[in-house]
Every structure is written in structure tokens, then in C-alpha cells.
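A quick write-up on the structure given underneath.
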Amino acid sequence: MERNNTSRRRFLRNLGLAGLSVPLISSGINCANEKKTNPQTMINGNKKAGKLGIALLGLGGYAGGQLAPALQSTEHCYLAGIVTGTPSKIPAWQSKYSIPGNNVYNYETFDKIKDNADIDIVYIVTPNALHKDFVIRAAQAGKHVICEKPMALSVEDCDEMIAACKKAGKLLSIGYRLHFEPHNLEMMRLGTKKIYGNIKKIGAGFGFTIGDPTQWRLKKALSGGGPLQDVGIYCVQGICYTTGLEPIAVTAQEGPKTDPDKFREVEQSLTWQFEMPGGIIAEGKSSYGQGMNFLKAEAEKGIFELTPAYNYSGQAGRTPEGTMNFPKINQQAKQMDAFALSIRNNQLSIVPGELGKRDVKIIAAIYEAMGTGKRITIN
Ligand code: NAD
């Protein structure tokens, strides 16, 4: 366990999580104290031999379009159950993925999942504002949890979620799929190992033109904000994991609202500037009105970059030595398999709740800087 924790700490330090060592260590201790439930011994009527069972909670675009298909190619976990507030979705999901009736829950019956040995992990894939309550309920039901990004709408909520999982002796992981994608892993390696010398400047942008004006992403109470919460978070992540550093302070500016009706509650676009340790210049931008998708580091000995950087597939990268050449993988399958292995090996998640909380804290600072026009320090 100590050796695992040491190497995991080294790995997290490389990802810019050095400042998290204390909570991570304590959560590791918690994990080690957890009651041993060897998945191999839990095989029952519906359990697939040797695999951990995942229940998807919130059967919308991401769960149906990416996660459920990815779970058809995972080695260490499988789609065992569903939790939904929309009964009409159940028959199609059951027949497409052979989900038995006793592994189907709604939001009222969800807590009964504690009695279901088929389900080891609950994956929360609802609108952002609902993550907190479902994570806490899943932990209280004795399940490990994956929570989609952004983890929650406030640092206090993140603390409650982390505490609930610790209390239950369960692991919490965030749906940060790019930590398992080879081009992004290469950006982490090139930046943190200083392969092209110190990074002088780094830029990141992610945006798209949003459609349906009635969707939850445009409702502040459900989303917590606009493109920054939804896709700008990838830029925050990219800047941190490529430099291996966390911002000290931030300034930010909201972009113009060209469609004020649509963007009544949330920003349409924004840019921000991080003050990074060592004087690195870092700028991020995100938009619901303009397409962009890049992560670009300018180092002493040349530029390395990805564009597109953040999609589900099709990443393309360039270094001073030419184009990056990595195999195609399924990011979500890798992410979920890695978490299943963390559980099995009694190790922390590679993308733990503490990482989600760090990003929620940075996002809150960006919004404060945008709202006040002031430089906001980030503790
Ligand atoms: P979606 O709108 O397609 O699906 C949301 C689901 O939540 C729907 O099934 C809906 O019925 C359900 N829901 C429950 N309560 C709801 C409520 N009060 N209002 C609206 N819907 C409610 O959204 P999505 O794109 O699947 O996003 C879900 C979560 O996944 C979000 O947190 C989002 O940030 C995250 N996400 C992550 C990625 C990624 O690449 N990691 C990609 C897309 C979405």
C-alpha cells in the first residue's frame, strides 16, 4: 500500500496535484481501511465474472452516446444497472444492454441500490447542480462513485461529497477522460519533464455553438454557469496538467452577448489570464458562440500543441520534432477501467474528488475575477 501510495503521489505530482498530497494520503488511508470486498467473490446471478458493475445515473446524451457504448469494451467493469427519472427510457436501455429488471432504479428507489451486489460503482451523469446530492446518496448506499465534471457548483459542496465518500469508505473519481488519452498524456509528459525546456507561455481554448435555447446548460441553477463550467474546465485542466502547476491568481473578462436572450443567465464567452508560478503566461478562453479546441505550450526550445485537444477522439498533436502519432483509444473505457483497477487494487483514483474540487475552486476564482474586474488570488 505504501509503495502504491508513493508512486501514485509521484504521478499526481506530475499532473500538478502536488498541493493535494495531504488529503490524498488521508483518503488513501481511508481506502486501505475499507472493508475488503473482493469483486471475484461477489459473483451472483447477474454479476459478470471478475468485473465490477457500474450503474449509470442520468441517461442523457453523454451516458447514452458515450459511456454505455464504452462499457461494451471495458475489461474490468461493465454496465450492470441504470438509474433514471424517465421511465420511457427503460425498455430500450434494458434490451440494448441486457440489464435485468432488478438493476433498474428511479430517483426515489435509488437508495435501495445498497442491497444490490451487482452494482459496485454509480456513475453520476446528470446536470451539474445535481451531482452533489447523488454522489452523497451513492456513497451512503455503499457504492464507489464516478461524478461527471464539473464536480459541483461550490468548493463547500465538493468538501461534502469528499467527506461522504470517505465516511462510507468508498472511492470518488471525476469523469476526467483526457487523463487517459495518449495525446493529452504526452502534453503532460512534455511539459512536466521539460522535454523542450521551461514553458514560457501556454494557451487553451474550447468552445462550440450551443443549440437548443431551453437546455439546462443555459440555466444557471442547473449548470452553475456557461461555457466555463461546461468546456472551459478542460482548458483549466490542460493548463495545469501541461505545466504541472496550479494558478496563483486570475483576471478574467466576459465576452459580448450577441444573443442576449439565449444567454440571459450565463456568460456567452469569456477569457482569463492565470498568474502561474515561475512567471509562465497562461491564457484560457471558452465560448458557446464560437468553435475552438486547442492546447498550446510555447517552451524554450519550441512549441508543442494539440488541436483538436479535447474531443472524444481525433486529437492531433505537433511538437518541434513533428506530428504526434498515437493509437486510437476509447477514452471513457480507459477512464472507467482505470477506476475499476483503483478499486480492485485499493488505490486512489488517478482523477480523485480532490482534483475535481481544485478545478471548482479555480472556476469560482475565474467567475469572481470576471464579475468584479479584479485580480483574484487562488489559495
Ligand atoms: P443531457 O442533458 O444530455 O442529460 C442529462 C440527463 O440528466 C438526462 O437524462 C436528464 O433526464 C437527466 N436529468 C435529471 N434531472 C434533471 C433535471 N432536473 N434537469 C435536466 N435533466 C435532468 O446532459 P449530458 O450532456 O449527458 O451531461 C450530463 C453531465 O455529464 C453534465 O455534468 C456534463 O457536464 C457531463 N458531460 C461530460 C462529458 C465528458 O466528456 N466528460 C461530456 C458531456 C457531458
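Plus 86 on top of the position in the sequence shown (first one is 1) and you've got my numbering. Glycine is no exception: its CB is placed at the ideal position from the N, C-alpha and C atoms.
Q | Identified DSSP bridge partners for Pro438 | A | Ser259
Q: Go through the segment 282-315 residue by residue and report every complete run of the alpha helix (DSSP H) that reaches 4 residues or more, in order.
A: 306-309
Q | Three-pair Cβ contact test at 8 Å for the segment 434-441 versus the segment 253-268 | A | yes
Q: Could you tell me the boundaries of the beta strand (DSSP E) in which Glu474 lies?
A: This structure gives no information on residue 474, because the portion of the chain shown stretches from 87 to 465.
Q: Answer with buried or exposed for Glu386, where buried requires no fewer than 16 other C-beta atoms within 10 angstroms of its C-beta.
A: exposed
(Q) Please tell me whether, using a cut-off of 6 Å, the distance from the CB of Tyr320 to the nearest non-hydrogen atom of the ligand NAD is below it. (A) no
Q. Nearest CA to the CA of Asn192: which residue from Lys133, Ser184, Arg223 and Ala450?
A. Arg223
Q) With C-beta atoms as the reference, is Ile232 less than 7 Å away from Val221? A) no
Q: To the nearest angstrom, report how far apart Pro313 and Glu353 are at their CA atoms.
A: 7 Å
Q | Proximity winner among Val208, Gly144, Asn214 and Pro173, relative to Val446 (alpha-carbon distances) | A | Asn214
Q: Taking Asp206 as the reference, give the member of Ala166, Arg350, Thr409 and Thr160 with the closest Cα.
A: Ala166
Q) Which word fits Pro47, buried or exposed, when buried means at least 16 other C-beta atoms lie within 10 angstroms of its C-beta? A) The first residue shown for the chain is 87 and the last is 465, placing residue 47 beyond what the model contains.
Q) Would the beta-carbon of Glu369 fall within 7 Å of that of Lys305? A) no
Q. Can you tell me whether DSSP reads Lys447 as helix, strand or coil?
A. helix
Q. Under a three-way DSSP split, which group does Ile462 fall into?
A. strand
(Q) Assuming Ala203 is part of the alpha helix (DSSP H), what are its boundary residues? (A) Here Ala203 belongs to no alpha helix (DSSP H), and DSSP marks it neither H nor E.
Q: Check whether the Cβ atoms of Pro236 and Gln152 lie closer than 7 Å to each other.
A: no
Q. Hey, would you say the C-beta of Trp179 is under 6 Å away from at least one heavy atom of the ligand NAD?
A. no
Q) Can you give the beta carbon distance from Gly341 to Leu356, rounded, assuming they're within the 8 Å contact cut? A) 6 Å
Q. Where Lys348 and Gly293 are concerned, what is the direct C-alpha to C-alpha distance, given to the nearest angstrom?
A. 16 Å
(Q) Assuming Ile222 is part of the alpha helix (DSSP H), what are its boundary residues? (A) His217 to Gln226
**Q.** CA-to-CA distance, Ala307 to Tyr327, given in whole angstroms
**A.** 29 Å
Q: Please name the residue in Leu441, Ile452 and Lys134 whose C-alpha comes closest to that of Cys244.
A: Leu441
**Q.** Spatial neighbours of Met128 in its chain, beta-carbon cut-off 7 Å, leaving aside the 5 residues before and after
**A.** Residue placement at Met128 cannot be trusted, given a pLDDT of 43 that sits under 50; the coordinates are not used to answer.
Q) Using a threshold of 6 Å, is the CB atom of Pro438 nearer than that to any non-hydrogen atom of the ligand NAD? A) no
Q: Return the Cβ separation of Ala238 and Lys218 in integer angstroms, given the expectation that the two are a contact with Cβ distance under 8 Å.
A: 5 Å
Q: Could you check the C-alpha separation between Ile449 and Asn188 for me, to the nearest Å?
A: 40 Å
Q: Quick one: using the 10 Å Cβ neighbour count with 16 as the cut-off for buried, is Asp298 buried or exposed?
A: exposed
Q | Which listed residue (Leu145, Ser372 and Asp197) has its alpha carbon closest to that of Thr172 | A | Leu145
Q. Among the residues of its own chain, which have a CB less than 6 Å from the CB of Val336, if the five just before and after it don't count?
A. Trp358, Phe360, Ala451, Ile452, Ala455 and Ile462
(Q) Quick check: does the Cβ of Asn214 come within less than 6 Å of any heavy atom belonging to the ligand NAD? (A) yes
Q) Nearest-angstrom Cα distance between Leu216 and Arg303? A) 13 Å
Q) If you check the beta carbons only, do Leu276 and Phe196 fall under 7 Å apart? A) no
Q) Looking at Ala419 and Ala156, is the spacing between their C-beta atoms short of 7 Å? A) yes
Q: Could you check if Glu267 is buried or exposed, using at least 16 other CB atoms within 10 Å of its CB as the buried criterion?
A: buried
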